[in-house]
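Trainee: Could you have a look at this structure, given as structure tokens, before my questions?
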Amino acid sequence: MGLSTHRCVARHGDLRAWFSQQPALSYAVLVLPRPANDTWIGLSPEPLSLDDATAWVQRPDCGAVVTFTGLVRDHSEGRPAVSELEYEAYEGEVERRLGLLAADMRSRWPALGRIVLLHRSGVLSLSDIAVIVSVSAPHRDAAFDACRYGIDTLKSTVPIWKRERWSDGESWGLDGAVPTAILRTESV
């Protein structure tokens, strides 16, 4: 089951309150089952499993696996005491953008085996996993390049917003970046 809803959680709304008002059935669209194909994408309010992602991405024909894991850290530029992050997303667009990104990665590195693009939503504490990008490939060069491209492009194209909370305030990031298009695969 994909992220088939087209709800847009208000960028400055209270995500915890919004989730608490949703019927239990709506959580099913956010479950991250392992896929039958070679691409695992998703957005989840539940903790991401690095062990599951790195085990799933492996294939017998691939000699390299590269994984990027983004964690909540205790500081940000100009903010020394970050205590938590809150992620909100335009859920209906996240699946499409992650799918476009995976297709773009495969067009750039055709030998890729499996791709994992998973992101959290909701409130995260220090050291929680916020994002996992993992790829397998027959050789390390493609795996390293694709993984780096995957996280950089995910951060700039997928409509997921981050609120930082620190000792004396909070903010929706320093630059208010707007997701851009994935240029090579918008037509996919």
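Per my numbering, the very first residue in the sequence shown carries number 1201; after that it's consecutive.
Cβ atoms here follow ideal geometry from the backbone N, Cα and C, with glycine treated the same way.
What residue does the beta strand (DSSP E) around Glu1364 start on, and which one ends it?
Mentor: It spans 1360–1366 - the beta strand (DSSP E) in which Glu1364 sits, taken as one unbroken run.
Trainee: From this set, Ala1337, Ser1325, Ser1321, which residue's C-alpha is nearest Thr1239's C-alpha?
Mentor: Taking only the C-alpha atoms, the option nearest Thr1239 is Ala1337.
Trainee: On the DSSP letters alone, give me the boundaries of the beta strand (DSSP E) that Leu1271 sits inside.
Mentor: Per DSSP, Leu1271 belongs to the beta strand (DSSP E) from 1264–1271.
Trainee: Contact check, Val1331 vs Leu1318 under 8 Å by CB: the rounded distance?
Mentor: Confirmed, about 7 Å.
Trainee: Quick one: is Pro1280 near chain B, going by C-beta distance under 8 Å?
Mentor: Annotation note: the requested chain B is absent from the structure, which comprises a single protein chain.
Trainee: Go to Leu1250, then tell me how far its alpha helix (DSSP H) extends in each direction, as first and last residue.
Mentor: Taken as a continuous stretch (DSSP letters only), the alpha helix (DSSP H) holding Leu1250 covers 1250–1257.
Trainee: Between the C-alpha atoms of Trp1309 and Asp1368, what's the straight-line distance to the nearest angstrom?
Mentor: Straight-line Cα distance between these residues: approximately 45 Å.
Trainee: Leaving out the 5 sequence neighbours to the left and right, which residues in its chain are closer than 6 Å to Ala1281 when beta-carbon positions are compared?
Mentor: Around Ala1281: Trp1366, Ser1367.
Trainee: Please tell me whether Gly1321 and Leu1271 are closer than 8 Å, where the distance is taken between their beta carbons.
Mentor: Per the sequence shown, the amino acid found at residue 1321 is Ser instead of Gly. The answer is no: Cβ separation not under 8 Å.
Trainee: Where does Ser1334 land, buried or exposed, given buried means 16+ other C-beta within 10 angstroms?
Mentor: Counting Cβ neighbours within 10 Å, Ser1334 comes out buried, since at least 16 surround it.
Trainee: For Leu1300, report the span of its alpha helix (DSSP H) as first-last.
Mentor: Residues 1291–1308.
Trainee: Span of the alpha helix (DSSP H) holding Leu1354?
Mentor: Per DSSP, Leu1354 belongs to the alpha helix (DSSP H) from 1340–1357.
Trainee: Going by beta carbon distance, what residues of the same chain come within less than 8 Å of Pro1247, once the five residues before and after it are set aside?
Mentor: So the list reads Arg1320, Asp1328, Ile1329, once near-sequence residues are dropped.
Trainee: Spatial neighbours of Thr1254 within its chain, please: C-beta separation below 7 Å, excluding the five flanking residues on both sides.
Mentor: Val1265, Thr1267, Ser1334.
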